[in-house]
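Beneath this line is the structure, given in structure tokens, with notes to follow.
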Amino acid sequence: MNQLSDRLNRLTPSATLAMSQKSSELKAQGVDVINMSVGEPDFNTPEAIKEAAKKAIDENYSKYSPVAGYPALRNAIASKLKNENDLKYTANQITVANGAKQSVCNTVMCLVNEGDEVIIPAPYWVSYPQMVKLADGTPITIYAGIDQDFKITPAQLEAAITPKTKALILCSPSNPTGSVYSKNELEDLAKVIAKHPDMFVIADEIYEHINYIGKHESIAQFKEIKDRVIIINGVSKAYAMTGWRIGFAAGPEWIIKGINKLQGQYTSGPSSVSQKAAEAAYTGSQQCVEDMRKAFERRRDLIVKLAKEIPGLEVNVPQGAFYLFPKCDSFYGKSYGDRKINNSNDLAMFLLEVGHVATVGGDSFGAPDCFRMSYATSDENIEEAMKRIKRALSLLK
Ligand code: PMP
Ligand code: GLU
59 MNQLSDRLNR
69 LTPSATLAMS
79 QKSSELKAQG
89 VDVINMSVGE
99 PDFNTPEAIK
109 EAAKKAIDEN
119 YSKYSPVAGY
129 PALRNAIASK
139 LKNENDLKYT
149 ANQITVANGA
159 KQSVCNTVMC
169 LVNEGDEVII
179 PAPYWVSYPQ
189 MVKLADGTPI
199 TIYAGIDQDF
209 KITPAQLEAA
219 ITPKTKALIL
229 CSPSNPTGSV
239 YSKNELEDLA
249 KVIAKHPDMF
259 VIADEIYEHI
269 NYIGKHESIA
279 QFKEIKDRVI
289 IINGVSKAYA
299 MTGWRIGFAA
309 GPEWIIKGIN
319 KLQGQYTSGP
329 SSVSQKAAEA
339 AYTGSQQCVE
349 DMRKAFERRR
359 DLIVKLAKEI
369 PGLEVNVPQG
379 AFYLFPKCDS
389 FYGKSYGDRK
399 INNSNDLAMF
409 LLEVGHVATV
419 GGDSFGAPDC
429 FRMSYATSDE
439 NIEEAMKRIK
449 RALSLLK
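Per my numbering: the sequence shown = residues 59 to 455.
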């Protein structure tokens with residue numbers, strides 16, 4: 059008997075988390091699986107940040123924090139936005155949540171009414187359409203294939219906008235493609251958005267620091283739309299802090315107040331100790347960020363080189379994040395024994411069960427002709443995984 063709400067029944071479980079769990083289950087059974095499914099840095103949180111958290115415990119940061127997060131953390135984020143992005147926000151225009159995931163969802167919940175349309179460029183991060191559905195909105199996807207480096211054009215955006223459009227969710231650097239919009243490309247999108255004064259932009263910049271082309275560019279820098287942009291970011295990826303669960307939204311005060319109202323009834327402020335750790339991350343030396351970025355860049359070069367050597371895969375060169383998103387539809391219709399590959403999920407399952415490498419099929423990213431590998435793992439793991447994938451794919455006839 060299914061007594062779950064219709065809202066919940068409409069929801070699809072997170073494919074990234076599901077694949078990661080499946081990989082852990084196989085590992086627990088003794089199978090030597092390389093996990094390239096979930097996207098999280100393999101590094102430990104830098105020592106200085108851990109020390110700040112230990113100190114926070116000793117200093118009894120053990121009570122409820124303000125719903126929006128401690129002022130000291132919000133001030134540190136405001137300084138980060140000023141110094142790194144040349145964007146002015148006051149602490150009242152910033153609100154902290156349990157990870158950037160909650161910050162995106164909070165924003166969607168605060169803006170979207172039943173029937174509102176939210177434009178989501180595909181390939182997209184798996185959770186965006188689900189969050190829109192949770193808010194009773196309608197996700198509208200625009201597809202940008204590998205031939206356009208997985209980036210939408212201003213004409214595509216313009217064509218998708220209707221009187222019901224409430225927002226665009228833009229992720230750059232992108233999960234799952236690693237594509238990064240240049241300043242010019244963002245400016246061209248901003249010009250389209252400027253013509254539609256009722257629409258907002260949820261700019262997910264969680265991969266800001268994992269960028270291989272230099273300076274991060276935010277769509278919030280364009281004055282004509284800045285008061286309709288909500289920046290989402292956090293410490294998970296840049297500082298290897300996925301488990302600490304701290305993300306933030308920065309935007310117009312009325313939206314931030316709305317998020318605080320929601321959060322006040324729903325989750326309250328996020329973990330006090332994690333907030334103190336995040337404050338240390340933003341105010342301390344940024345050398346750790348650059349060291350990890352360099353390691354990701356080396357791994358990006360390695361995985362691109364190895365993937366290009368695999369017959370049947372078409373590969374872009376990601377300019378940010380830590381994912382490779384090869385086109386793999388040349389394998390559809392092929393078989394290994396009585397196992398037939400009909401789609402990206404079949405292929406991901408084949409790579410897991412036969413190749414012992416966990417990846418994620420492209421279907422749940424709105425890109426059924428691709429699959430995703432996270433290269434946030436050691437060089438040795440990348441080399442071994444690509445060997446296994448090459449061998450497994452060569453079995454398909
Ligand atoms: N946005 C994107 C594009 C992501 O890949 C992730 C990672 N899951 C998040 C948001 C959420 O990050 P957090 O761990 O801070 O919730
Ligand atoms: N961002 C990561 C991923 O896409 C974490 C998993 C998730 O939150 O979906 O794999």
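No residue lacks a Cβ here, since even glycine has one placed at the ideal position from N, Cα and C. None of the values given here were measured: they were computed from a predicted structure.
N- and C-terminal bounds of the beta strand (DSSP E) containing residue i
i    : result
P179 : 175-180
T199 : 196-201
Under the three-state DSSP convention, the category residue i falls into
i    : result
L320 : helix
P212 : helix
T153 : strand
N291 : strand
D64  : helix
I283 : coil
F306 : strand
F423 : helix
P187 : helix
D207 : coil
D100 : coil
I314 : helix
K85  : helix
E411 : helix
M77  : helix
L192 : helix
G301 : helix
I219 : coil
A278 : helix
Residues that DSSP places opposite residue i in a beta bridge
i    : result
A416 : N93
N269 : G378
I260 : I227, I288
Inter-residue Cα distance where the pair is residue i and residue j
i    : j    : result
T211 : Y239 : 10 Å
Q160 : Y265 : 16 Å
A217 : P197 : 15 Å
S232 : G301 : 21 Å
F208 : K113 : 44 Å
G378 : P234 : 10 Å
D246 : A450 : 42 Å
N422 : N118 : Rather than Asn, the amino acid found at residue 422 in this sequence is Ser. When rounded, the distance between both Cα atoms is 43 Å.
E362 : N269 : Correcting the residue identity first, residue 362 is Val in this sequence and not Glu. If I take the Cα positions, the gap works out to 15 Å.
A416 : V91  : 7 Å
P124 : E337 : 15 Å
Y122 : L192 : 27 Å
G391 : I283 : 46 Å
D262 : Y394 : 40 Å
I152 : L215 : 28 Å
V414 : M59  : Here residue 414 is His; the residue named in the question, Val, does not match the sequence. The straight-line gap from Cα to Cα measures roughly 36 Å.
L131 : K138 : 10 Å
L226 : N164 : 15 Å
L169 : I177 : 13 Å
K445 : G419 : 19 Å
V250 : S185 : 25 Å
A339 : N291 : 13 Å
I277 : A248 : 7 Å
F389 : G195 : 35 Å
G370 : F380 : 22 Å
C229 : Y433 : 19 Å
E83  : R430 : 20 Å
E355 : F408 : 28 Å
I200 : A213 : 11 Å
P104 : V347 : 9 Å
Run of the alpha helix (DSSP H) containing residue i, from where it starts to where it stops
i    : result
R132 : 129-143
M431 : Counting along the chain, M431 falls outside any alpha helix (DSSP H), though it belongs to the beta strand (DSSP E) covering 429-432.
T456 : Residue 456 cannot be examined here, being either before or after the span of the chain that is shown, 59 to 455.
V250 : 241-252
D116 : 105-116
S326 : Here S326 belongs to no alpha helix (DSSP H), and DSSP marks it neither H nor E.
E442 : 437-452
N164 : 158-169
Residue-chain proximity (residue i, chain C), Cβ-Cβ < 8 Å
i    : result
A406 : The question asks about chain C, but that chain is absent: this structure has only one protein chain.
Where are the alpha helix (DSSP H) runs, 4 residues long or more, that stay fully inside the stretch 328-405, in chain order?
Complete alpha helix (DSSP H) runs here, min 4: 330-341, 345-366.
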